[in-house]
Structure formats: structure tokens, C-alpha cells
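Asks: Going down the list, the sequences are from chains Y and V.
Going by our numbering, the first residue of the first sequence is number 1, and it counts up by one from there.
Going by our numbering, the first residue of the second sequence is number 1001, and it counts up by one from there.
All C-beta atoms, glycine included, are put in the ideal place defined by N, C-alpha and C.
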Amino acid sequence: MEKYKLFDAEYKLACLVWDNEPINSTDLVRLCAEQLGWKKSTTYTMLKKLGERQILQNREATVTALVKREDVQKYESRAVLARSFEGSLPIFLTAFLDDHRLSQQEAEELKKIIEEAVE
Amino acid sequence: MSYLPELFSTILDMSITASLVIIGVVLVRMCLRKAPKVFSYALWTVVLFRLLCPLSFTSAFSFLGLLQINSLNNAGVWELMPNAINTAPASTVPAGLDNLEQVLNPSLPSSAAIASANPMPTAIELLSIIWLLGVVALLAYSVVSYIKVRKKLFPATLLKGNIYQSDQIGTAFVCGFIQPRIYVPAGVKEADLPYILEHEGTHIRRKDYLIKPLAFLVLIMHWFNPLVWWSFFLMSRDMEMSCDESVLNRLGNGAKAAYSSSLLSLSVSRSALPAANPLAFGESNIKARIKNVLNYKQPGFWVIIIAVLAVGLSVMVFTANPGKQEIDELDPIRSLAWEVMERDIANYELDPEIRIIDQKITRLELLKVFEALGDTPIHVYALEYRLLPEDLSKVVLAGGMDVDEDGWLKETCSMGSPLLVVSINNGSMELAGIVWTGESQELESAVKDLLAAKDLKRAETEKLVEENLSIIMSSPKEASNPFAYIRAHEQEYVNIQKYGGEEALQYMLAQFEKGNAEGLRGAIMMQLSKELLGLRNNVTDDTLSPMEWYQALDIIEDTLLPDFQYDGPDTIEKLVYAAEIEQNSGTHLQGFTIVAPKIFGSYEEGKLLRVFATTYSGRYRLYGKVLDQVGGSVVPAAITYKKDKNGNYVLLDYLQSQDGAHWAPSIREFCRMPLSGQEIPGLADTIIGHYADYDDLRQLHFDNLYKHLAANGIREATLTNSRGEIQFSMSWPDRL
């Protein structure tokens, strides 16, 4: 069975629910504010998103999880989103303002320089 | 000219000035390579200032002053490309140079041809639109990418304090303007976190998160200038490096390795970062930064002192505009040229509707040196300049006058352009006069004539004053009172006043200056000077000795005012006012003219119109708050106009009553119809009868005087007659 994949923030919200379910949605909002620094609207937006994906449910102001913790996996890669963000920048601007990403070789080189300097 | 091209011109000027400063800053920055980067970072404030602020203070110690481009206009705005895009400043040799003729007193011809502003779109207007489109596009792009970043950050989760975590980002940065937050990538290693937080915290403390967006906005404003992009890039780098150094200062040198490892690992792990968006705060140039961190040493005392001095000095030198004073001292010819221009401006501004808001010299060049023409070497300079009127449509262009494509007035008039004839005396320059390119005389002989005329005038004045003075002083020997001498030789005294006039006054004041004004000679000259000065004499203490009086003398300049202008609706009155002003006014140096006509009738016959009026005219000068009447008359006249094909009346003929015994007959003579010449019954008697009591005219005259002064912003002015009775005052209650 394929696992549900969650982003970091989604995963953290789900964890709060697993730890405390069933939990009153007002309490969850308070909990999210304390632990995740979220505004009320942020929490409800996220609840709605995960509700649509059948991971959490919010019924009569009580939030419960629909999937088990073992069935959920965090996204390791953010490459998809990152690329889409980068795609919005004109090439010349990225090239001009941003240094090119380090190649493996360059990274190794720098590592050596750091080590040498410390010795 | 609309607002946009003007704005663009200003931006362009700033951009060019800033480019020079950028190059300077880059040079200084190279010298500061070994110093802490905070000094390089601080240097960029000058560039920021130059890119943002068109105004600056002037100083003799200015970097820009090193460049021999003297284009400081009168508003303190340093203008390198006057009005942005201008055609090349004139040809090198003015036309008709071989054919010159001197004209001693340059004054503006007063004939009238109305100029119309040319509304053709110019290159500058087109460029300014392109510029605006670029600005809008870049602004839109920044806002969109800022929103995108904020979206990626939703929802980030709280780590602690103002630090948030997100798996949507590849590197740490600060985001937000009012309550900036630090965002770190979700997967960041525990070991790296303290260093990252220290770095980003430093950015927040130093308000870098506000400085960078500001710098970016300025970059957008100057998007067309590659040097500005370059300096933005260098500035970002200096900002990051000085931030790194500040972290090391706090954590100690031992943290170097760990800190640079953190920089490295963060940069390797990230895939994309919002660094390209300056509204968020990312890293830049990892390799250079790591090297900088590893090589960083806490600066020694002397390094700091020297760097502080270097930066302080650079800031001062790069911020200042070159001082006008400095230019003038270095270049006295330029100050003479400014003087000539100021005179021309004063001429224009006599018309209350005209204001010259800018001026520039487009050419000032030594044309010829005459070593042996006079007692001193003579240099002739060609001068060309432009004046920018606030509203070109208000300027009446006389024959030969011209306007360039940007609405600047050219100096040329029907006489061509001015050549300054300058005599060099012990290294100091004195303007001997002006000759014009447009006249048909050879330059050398024109200059010769000018000098000869000047010498002759001076010699004549000297002779007149000295000869008459010696006669006055010759008797009565026994008297001690200078007035006894004056009374004994009233004719000679009047000669100096009447024939010497202003020149005699200048000569006598020069004698005071030389100290050649002792005793009786001084006393008589003082009396003469006082009378010639009239209301310009500021010294009221009559007990002073001649030399004391001269020391205290500070000649009150008169306020130059234009002639009266009729602004009522009546066509006939308008015509008569215009004709009377033309008839009665002199040059502005002879004061301003107020007229008050009483119209007895106007008769039209065919295309001719004849108006009969008696006019009370007066010419005044204003010294401070005191009015001086320098001339005036009450004269009946018949003014004839011809209707041209556009239906406008053009002055054809002006007939005045004659003096003395001919007075009444001359009036009867001109009281006729304009075309047929038929006598108009009863008109002459009415005019002659009215002349016996023209109190109504006096009233109208002073009403007009009041209106005119008020319209020119004069609130206080008093006119006193020879008996010391007040004839007119701006503060008379019945006028309020």
C-alpha cells in the first residue's frame, strides 16, 4: 500500500492531532498557535486541506485523524516546488544576482580549504 | 514639457553622477580590501544618496569638481547632461565672426513676435516612456515574486522566538518588513542552526532587511544603468561579508571553521533560494564568503582608524557637489559670464509673467588675445548660453532669438551672440564690454572702438569733474563751509551733476576709494555724490566727515519693476494703455512707467481708428520702501491705429500736444477724423477744458500705481514730493 506523503508543516499538524485526538478544534487552534506559531486562519486552512485529502477530519468542532501515523511519510524532497519557484525568475536576474549553485567538485574543494585553514 | 520627461531627466542626471561616484567607490573599496567589510558596506551609502537625491551641498572638496564639467545650475542640482539629451553645444566658430561691430550696451530689442512652444515629441520623451515601462515591469515582477515567496512560506512552523521552519525553502533568510522573521530550511542540521541564527539575527539587528529592498527599489529606478546593477551586486556581497565578520566578532575566531562549514553545507543542500528576490533575504556568493571568513582577522586599532578616515573622507568628497565658489575662483571668466547671464535674466524677468528657472553655459571659449590693443592685454571670449523659462509661451521672442528643442532660450538676438571683451590686469579680469558676432565689423577694430569709447568716456568724465571741482574750490578762500564754495559756483556744481551724471558719480566714488577725497575736495564730492545717489544713499547721518560717510555708504539697489500693464476688458483702453506705455517708458534702468489715460472719444473711419486721450504718466524707481519719481507728464494726444487683415489694430501714428504757445492750437489741429481729416466739433474744447483740473487723472494714476505695486508683491512704498509731503503711500487707509 502506498503511503500518504505530507509536507513538513502538514506532518507537524497531523502529529499534534495524533497525540491529542479527539481534540476540540478550538483547542487545536490554541495548540497550533503555541507550537507552530500559526494564526487561527492558518490552522483552519490546513485542516481543510488535509480534510480534503482524507487525512484528518473536522466534524462538529472535533478533529480526528483518518489515517495512522505508520501510514504517513514526510516528503524528503522539495525539488518540485523549488523548481517551479525558480522558473518564475528571469534567467538573467538569477544569473546576475545569485551565485551559481556549487557543483560537487567545488564543494569538495571548499571543504578542503576549510579543513586546511583550521589545521 | 510634461512631468515624465523631466522626472526621467532628473533620474538620468543622478544616474550619470552616481556612475562616476560608483567608480570612485569601487576604487576606494579596492584599497579597503584588507579592512573589515563593514567599511566597504558603509561606502555604498554615498552611491545610494547620489542615486536617490538630485540635490546636494556644494564643497570645494568635491570628487566631481575634479572633472572639468561645470554644469552646476542655480538650484544646486549637479547637472552633467543638461536636460538629459541635448544637441552638441554649437559650432566652434560663430558665424560672421569676421564681421563684427561693437555694441556697448546689450539690451533686448523690444519688438514683438510671439513664440509658440513646440510640442513635438522628442527623443527624451520617448526614452522616458521606455524607462517608465521598465520600472513598472520590474516593480510588478518584484511584487509577484515576493508574493510567491510568502506563499511558499505558508505554512511555516514556529521553531522559537521569531524563527520559523519550512521545508519549502533551501536556505535561511529573513523575510518581512515590520516584524521580520528568520526562516530556516526544515532539514537543517542541528549543528548549523546556531550559526545560521546568529547570521540572520545580525541582519535583523542591522536593519539589512530594510536596506536591501530600498537599494533594490533604487536599482529599479535606475534599471537602465549597468553600473548600478553592478554596484547592487557588490553592495549585497559587502553586506553579507560584513555580516559574517560581525558574527565572528561575537563568536570568536575559534568559530571560523564551524561557521564556514555551516555556510557550505547550507549552500550545498539548497536547491533554490529567494536570494534573487531582494525583498527576501538570502545568501550570495558562498565561495568568496567562505574565503573571507577563513581569512578574517579582528582588525587592529590603526586599521580601523585609517578605514574610518578613508570612509569618512570618501563620503564627504563623493557626496559634495563641486562648489560654484570654487569654479568662480578658479575661473574668473566664468563668473564674468554668469554676470552677463544674470543681466540677461534680469531683463527677461522684468516681465512679471516670466521666470527663468535654470541657466547653463554651453560654450565659453577664449577666441582671441590682443596683447597690444590697450594698456593691458585683452582677451575675447565667445559665450553661448541657454536660459530655461518656466513657461516658454509667455516669452516674447524678438528678432533673431531662438529656442532649442527642449524649450531653452538661446542667447542669440538679432546682433548674434555675445563676445566678452575682458581686460587682464595683474591677473584679475575685468569685463570691458561686449561686442556681438552679428554685426559687420572686424573683431580687432570692434574691440579697439569699444576700448577707445570706454577710455574716452572715462577721460571725459575725469576732465569734467576735475575741472569743475577746481573752479568750485578756487574761491572764496576765506570760507570754511563747503556750501559757501558750492553757492559761489553753482553753475560748475550743476555741470558735474547734469553732464557727469552716473559716470561722474562712479568716478567720484572711485576717488573716495583711492583716498583722494580729503578736506574741501572730499566735502564737495560728498555733497555731489549724495545728490546723485538720491534715495540710494543709505547714510542719514549728516555729521559724518566725507571719508566716514564713504565708509558707511552701502548703495541701496533699486527694485527693478516692469511697466504698468492694463488688464481690463476694454479694447480701446487696452490699445491706449499700450501706446502710452510705449511712448512714455524708457529702458528698465530708467525706472518703471505708470500711465493713466482719460479717453475723450474714439472715431473709426475706414480701416483707421483714432483715439483722443489725455494721459498722466509717471516714471518711478523704487529704493527699498521709497518711491522716487524720475519723470512724468500730463499730455493730451491723438493716437491713430490701422486695422490689419487679421482685424488687429496696429499703432500708426501718435500725435502729442506741443509746448507753450502752440499748446492749444496743436490740440485743435489734431482733433480731426482719422481718414477724411474733418474737424470733430467740440472735442478740442473738451480736452482743453479738462486740462484745467485733472484731479480724476491723478486719482487714476495713483490707483494704477497702487495696483501695479501690489501686483508685483510690493507691500510698502511711499512717494514724497519735494516739500516732504507724502503724495502716495501703499498704506493709506482709503486704499485698503
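Starting from Lys12(Y), find everything on chain V with Cβ-Cβ shorter than 8 Å and list it in chain order.
Replies: Result: Thr1157.
Asks: DSSP beta-bridge partners for Asp1358(V)?
Replies: Looking at the DSSP assignment, Asp1358(V) forms a beta bridge with Leu1388(V).
Asks: For Gln1699(V), is the classification buried or exposed, using 16 other Cβ atoms within 10 angstroms of its Cβ as the cut-off for buried?
Replies: Classification of Gln1699(V): exposed, given that the 10 Å Cβ count is below 16.
Asks: Kindly indicate which three-state DSSP category Glu115(Y) falls into: helix, strand or coil?
Replies: Correct three-state label for Glu115(Y): helix.
Asks: Just to make sure I have the definition right: I need the residues of chain Y whose C-beta is within less than 9 Å of the C-beta of Asn1257(V). Which are they?
Replies: One point to set straight first is that residue 1257(V) is Ala, not Asn, in the sequence displayed. Chain Y residues near Ala1257(V): Ile114, Glu115, Ala117 and Val118.
Asks: Have a look at the DSSP bridge pairing and note the partners of Thr1640(V).
Replies: Thr1640(V) is bridged to Arg1610(V) and Asp1653(V).
Asks: Identify the residues that DSSP records as bridge partners of Leu1175(V): which are they?
Replies: In the sequence as displayed, the identity of residue 1175(V) is Cys instead of Leu. Paired residue(s): Arg1181(V).
Asks: So, using beta-carbon positions, are Tyr1164(V) and Arg1181(V) closer together than 7 Å?
Replies: Closer than 7 Å, so yes.
Asks: Where do the N-terminal and C-terminal ends of the beta strand (DSSP E) with Phe1592(V) fall, by residue?
Replies: Unbroken beta strand (DSSP E) run through Phe1592(V): Phe1592 to Glu1605.
Asks: In whole angstroms, what is the alpha-carbon distance linking Leu1294(V) and Ala1172(V)?
Replies: Using only the alpha carbons, I get a separation of about 21 Å.
Asks: Please report the residue range of the alpha helix (DSSP H) in which Pro1213(V) lies.
Replies: Segment Asp1208 to Met1221, the alpha helix (DSSP H) holding Pro1213(V).
Asks: By the criterion of Cβ-Cβ separation under 7 Å, what are the contact partners of Ser1242(V) in chain Y?
Replies: In chain order: nothing, as chain Y lies at least about 17 Å away.
Asks: Taking 7 Å as the threshold (beta carbon to beta carbon), is Asp19(Y) in contact with chain V?
Replies: Closer than 7 Å: no.
Asks: So what's Ile55(Y) in DSSP terms, helix, strand or just coil?
Replies: Ile55(Y) falls in the coil class under three-state DSSP.
Asks: Mind listing the chain V neighbours of Lys40(Y)? Cutoff is C-beta to C-beta under 7 Å, in chain order.
Replies: The premise fails here: Lys40(Y) is roughly 12 Å from chain V at the closest Cβ pair, so nothing lies under 7 Å.
Asks: What does the alpha-carbon distance come out to for the pair Ile1688(V) and Arg1668(V)?
Replies: Using only the alpha carbons, I get a separation of about 9 Å.
Asks: Quick check on the DSSP output: what are the complete alpha helix (DSSP H) runs of length 4 or more inside the stretch 1441 to 1514 of chain V, in order along the chain?
Replies: For the stretch 1441 to 1514 of chain V, whole alpha helix (DSSP H) runs of length 4 or above, ordered along the chain, are 1443 to 1474, 1482 to 1488, 1490 to 1495 and 1501 to 1514.
Asks: Determine the direct distance from the alpha carbon of Leu1651(V) to that of Asn982(V), and round the result to whole angstroms.
Replies: Examination of residue 982(V) is not possible in this model, given that chain V is present from 1001 through 1736 alone.
Asks: Between the C-alpha atoms of Ile1599(V) and His1690(V), what's the straight-line distance to the nearest angstrom?
Replies: Roughly 11 Å between the two C-alpha positions.
Asks: Do Lys1037(V) and Met1241(V) come within 7 Å of each other at the CB atom, strictly closer than that value?
Replies: Yes, Cβ-Cβ distance for Met1241(V) and Lys1037(V) is below 7 Å.
Asks: With the cut-off set at 7 Å, would you say Ala1186(V) and Asp8(Y) are in Cβ contact?
Replies: Going by C-beta atoms, Ala1186(V) is nearer than 7 Å to Asp8(Y).
Asks: Run through the stretch 1510 to 1588 of chain V for me and flag every whole alpha helix (DSSP H) of 4 or more residues, listed as ranges in chain order.
Replies: Correct list: 1519 to 1533, 1546 to 1552 and 1571 to 1584.
Asks: Which stretch, first to last residue, makes up the alpha helix (DSSP H) that contains Asn1347(V)?
Replies: That run of the alpha helix (DSSP H) goes Pro1332 to Tyr1348.
Asks: Tell me, please, whether the stretch 1546 to 1563 of chain V touches the stretch 1523 to 1535 of chain V by the rule of three or more beta-carbon pairs shorter than 8 Å.
Replies: Result yes; three or more Cβ-Cβ pairs closer than 8 Å.
Asks: Starting from Ser1166(V), find everything on chain Y with Cβ-Cβ shorter than 8 Å and list it in chain order.
Replies: Going along chain Y in sequence order, the residues near Ser1166(V) (Cβ under 8 Å) are Asp8 and Ala9.
Asks: What is the rounded straight-line gap between the Cα of Ile1714(V) and the Cα of Asp1563(V)?
Replies: Cα to Cα, Ile1714(V) sits roughly 14 Å from Asp1563(V).
Asks: Does the beta-carbon of Ser1617(V) have 16 or more other beta-carbons within 10 angstroms, so that it is buried, or is it exposed?
Replies: So Ser1617(V) ends up on the buried side.
Asks: Chain V partners of Lys111(Y), CB-CB under 7 Å?
Replies: Those are Leu1264, listed as they occur along chain V.
Asks: Could you tell me which whole beta strand (DSSP E) segments of length 3 or greater appear in the stretch 1130 to 1154 of chain V?
Replies: Here no run is fully enclosed.
Asks: Could you tell me if the beta carbon of Leu1553(V) falls within a distance shorter than 6 Å of some heavy atom in the ligand GDP?
Replies: With respect to the ligand GDP, the structure shown offers nothing to examine, as it has no ligands at all.
Asks: How would you label Asn1292(V), buried or exposed, when you count the other beta carbons within 10 angstroms and need 16 or more for buried?
Replies: Label assigned to Asn1292(V): buried.
Asks: Just to confirm the assignment, what range does the beta strand (DSSP E) spanning Asn1425(V) have?
Replies: That run of the beta strand (DSSP E) goes Pro1418 to Asn1425.
Asks: So, are the CB atoms of Glu1198(V) and Val1247(V) less than 7 Å apart?
Replies: For Glu1198(V) and Val1247(V), yes; Cβs fall inside 7 Å.
Asks: For Ser1729(V), name the three-state secondary structure that DSSP assigns.
Replies: Of the three classes helix, strand and coil, the one that applies to Ser1729(V) here is strand, per DSSP.
Asks: Which residues in the same chain have their Cβ closer than 6 Å to the Cβ of Leu16(Y), if we skip the five residues on either side of it in sequence?
Replies: Hits under 6 Å: Leu31.
Asks: Would you kindly check if the distance between the Cβ of Gly1631(V) and the Cβ of Arg1619(V) is under 7 Å?
Replies: Yes, the Cβ-Cβ distance between Arg1619(V) and Gly1631(V) is below 7 Å.
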